[in-house]
Structures are given as C-alpha cells and as structure tokens.
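Okay, structure first, notes after.
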Amino acid sequence: MANRVGCDQSAKKDNIDIDHHVQKGIEYHELGELERATHQFRIVAKEGSPIGMFLYGISLRHGWGCRSNSTLAFQYLQKAAEHAVNGLQKSCEKKHEVDALLASRKGELVIAIYELAVSFQQGWGITRSLETAFYYFKVAAQLGDADAQNEVAHCYYNGFGTKKDLHRAAKYYRMAAAQGRGLMGNSWIFKSKYDSDSSSN
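First residue of the sequence shown? That's 0 in numbering that gives the first Met the number 0, and the numbers climb one at a time after it.
Written out as structure tokens, the structure is:
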C-alpha cells in the first residue's frame, strides 16, 4: 500500500511539474521571451505531454525562440494529436467515463488536429495534400471547432481536397456562424435553397 501511495504522489508531482513548465512557457511567450518559452515547452514535450508537444511543435513551425524546423514541428504536432486520440480510446467501462475523458481532452485534441490539417494544407513539414488537410479539418469541425468549420466550408465551396458542394459549404459556414465565427459577405449561406442537405456530412 505504501508503494502505491508513493507512485501516486510521484505521478502527481510529475503532473504538477508539467503544468508548471507549460504555465511558465506561456508566461515567457506573452512577455516576448521566446527562447525561454520554447525551452519550457521542449522540456514537457520530451516528457511526453501532449500539450507540451503541441506548443513545442508550433514554436518549431514558426521559429519562435528556436530555429524553424517544419519537419520536426509536424512530427511533434502529429504526436500531440495521437496522444490525445489514444487517451480517448482508453477502455472505459461506463459511458459517462468516456464522456468525461472526451471533455477533458477535447481542447488539446481539436487544436492538434486543426494544426495537422494546416500542416497538410500548407505543406509544412510534410508533402502538401489538400485531401488530407480536408480530412483533418473535417474531424476538428465535427468536434466543434469553428475555425475548422470555416475551413471545411471553404474546401466544399472551392472544391479543395473534396468535391465542390455548396449545400455542405453552407452547412459548415452556418455551424461556424452559430458560434460567432461567421465570415463577412457570406449572407448567401442563409438562402432557403441551402436549408436542406441531402447528406449528413
């Protein structure tokens, strides 16, 4: 029993240390001390923290306090998304446990998936693929991210990475608008001819 308590206290200490480094990194970033911020993010990324991997990946992508490295940035962003998804796939005996796990990881999951989509869209650290970008944008959109909903709508509207479909474009633009993220000049999406969508996607 004492051994189990010791393990629990050690795990709690690790979580506190990770949270501390993430918070310090964010504080340094807000102060414009990017090298110090990236150092903090690197520490937690190396410890396997999904939020640390995400923040370090974004720092690497943009060269914030470090040399820009889009390939390594992509790898960290991908790992962050994988860790978030793996957390969701842990076997839980009861539905409310799954719901609680989803709620606790949804933010990090969505932002990591969204940024993976951006990587594929721009060809940052990976071969450019509009189809793959569309796939990841759609996953993030279905998890409720308004920016991703606008991106999915944009893809449907222009036929980027998917077949052009104005009904689906209107549907996703409306979803983003309902969250206060509507785009100027998009009044067309509220025309009645776009009210029905023949598919659930």
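Ideal placement from N, C-alpha and C gives every residue a C-beta, glycine not left out.
Within the same chain, Arg60, Trp123 and Gly124 come within 7 Å of Ser69 by CB-CB distance, once the 5 residues on both sides are set aside.
Of all alpha-carbon atoms in Asp144, Thr126, Glu130 and Gln121, the one lying nearest the alpha-carbon of Tyr113 is that of Asp144. A Cβ-Cβ separation of about 3 Å places Gly56 in contact with Tyr75 under the 8 Å criterion. The Cβ neighbour count for Gly31, taken over all protein chains shown within 10 Å, is under 16; the residue is labelled exposed.
Counting only the Cα atoms, Glu34 lies some 6 Å from Cys65. Rounded to whole angstroms, the separation of the alpha carbons of Thr37 and Asn185 is 39 Å. Inter-residue distance for Phe189 and Arg173 is about 8 Å (C-alpha atoms, whole angstroms). CA-to-CA, the gap between Ala44 and Ser58 works out to about 12 Å.
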